[in-house]
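Residue numbers (UniProt numbering), protein chains in the order written: chain A, 1 to 66; chain L, 1 to 66.
Written below as structure tokens is the structure these notes are about.
2 protein chains.
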Amino acid sequence: MMNHVKITRVEAGLTQQQLAEKIGVTRQTISLIEKGKYNPTLKLCLAICYTVNKTLDDVFWIEKEE
Amino acid sequence: MMNHVKITRVEAGLTQQQLAEKIGVTRQTISLIEKGKYNPTLKLCLAICYTVNKTLDDVFWIEKEE
DNA sequence: CCGTAATGCAATATATATATTGCGTTTTCA
DNA sequence: TGAAAACGCAATATATATATTGCATTACGG
């Protein structure tokens with residue numbers, strides 16, 4: 001499940017570690033979400049958005065595949 | 001954690017049961033999400049959005065409380 | 001170059017999202 | 001007004017998101 005976490009994180013000038021610490025999760029969690037191997041929780045998605053100053057649609061929206 | 005699932009579901013003319021079935025979860029899951037007692041998964045949020053024809057921001061965005 | 005920061009990844013443990021079942025209450029509508 | 005649909009909710013079981021630790025690899029500034 002692809003998303004734009006990596007792009008927006010880098011644009012915000014943060015490392016995985018820094019983003020993880022600001023949010024209060026581990027670096028691995030961020031890493032796996034960026035890799036599309038995790039299905040994150042809404043709460044975590046929102047925390048990421050707040051930290052990189054984007055919205056859910058910016059970072060996590062995926063068009064429905066028919 | 002509040003959201004607009006209930007409003008958008010009703011606008012879409014669906015019962016909890018119908019929404020749950022279309023998505024492939026149980027009615028209880030929908031009920032608890034509407035009540036703000038569950039922290040749903042991104043995948044589930046997207047499935048809800050697709051079904052009610054809204055985006056993540058429409059249904060699940062919450063302004064950051066300072 | 002070289003060392004250090006940043007990242008990828010694997011294994012196991014823990015927390016929690018979701019399923020399942022069942023029953024009581026409220027709403028809706030003929 | 002009464003029966004059926006829709007909903008709230010509780011208890012337990014299961015699946016899976018996240019934590020923890022540790023090590024290997026890659027990118028990058030001095």
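For every residue, glycine included, the Cβ atom is placed at its ideal position computed from N, Cα and C.
Cα-Cα separation between residue i and residue j, rounded to whole angstroms
i: residue 24 (chain A); j: residue 30 (chain A); result: 11 Å
i: residue 19 (chain A); j: residue 32 (chain A); result: 13 Å
i: residue 8 (chain L); j: residue 59 (chain L); result: 7 Å
i: residue 34 (chain A); j: residue 17 (chain A); result: 13 Å
i: residue 15 (chain A); j: residue 13 (chain L); result: 44 Å
i: residue 45 (chain A); j: residue 47 (chain L); result: 15 Å
i: residue 28 (chain A); j: residue 53 (chain L); result: 33 Å
i: residue 26 (chain L); j: residue 26 (chain A); result: 31 Å
i: residue 65 (chain A); j: residue 64 (chain L); result: 30 Å
i: residue 57 (chain L); j: residue 61 (chain A); result: 9 Å
First and last residue of the uninterrupted alpha helix (DSSP H) at residue i
i: residue 56 (chain L); result: 56-60
i: residue 43 (chain L); result: 42-52
i: residue 25 (chain A); result: It is not in any alpha helix (DSSP H) - residue 25 (chain A) carries neither H nor E in the DSSP assignment.
i: residue 65 (chain L); result: Neither: residue 65 (chain L) is in no alpha helix (DSSP H) and is coded neither H nor E.
i: residue 6 (chain A); result: 5-11
Nearest-angstrom beta carbon gap, residue j and residue i [assumed within contact, 8 Å]
i: residue 49 (chain A); j: residue 55 (chain A); result: 6 Å
i: residue 51 (chain L); j: residue 6 (chain L); result: Incorrect: roughly 14 Å between the Cβ atoms, too far for contact.
i: residue 37 (chain L); j: residue 39 (chain A); result: Incorrect: roughly 20 Å between the Cβ atoms, too far for contact.
Buried versus exposed call for residue i [16 or more other C-beta atoms within 10 Å across all chains shown]
i: residue 3 (chain A); result: buried
i: residue 10 (chain A); result: exposed
Check distances from the C-beta atoms of the UniProt domain "HTH cro/C1-type" (5-59) of chain A to those of chain L and list, in chain order, the residues that come in under 8 Å. Going along the UniProt domain "HTH cro/C1-type" (5-59) of chain A in chain order, one finds 39, 40, 41, 42, 43, 45, 46, 50, 55, 56 and 57 with a Cβ nearer than 8 Å to chain L.
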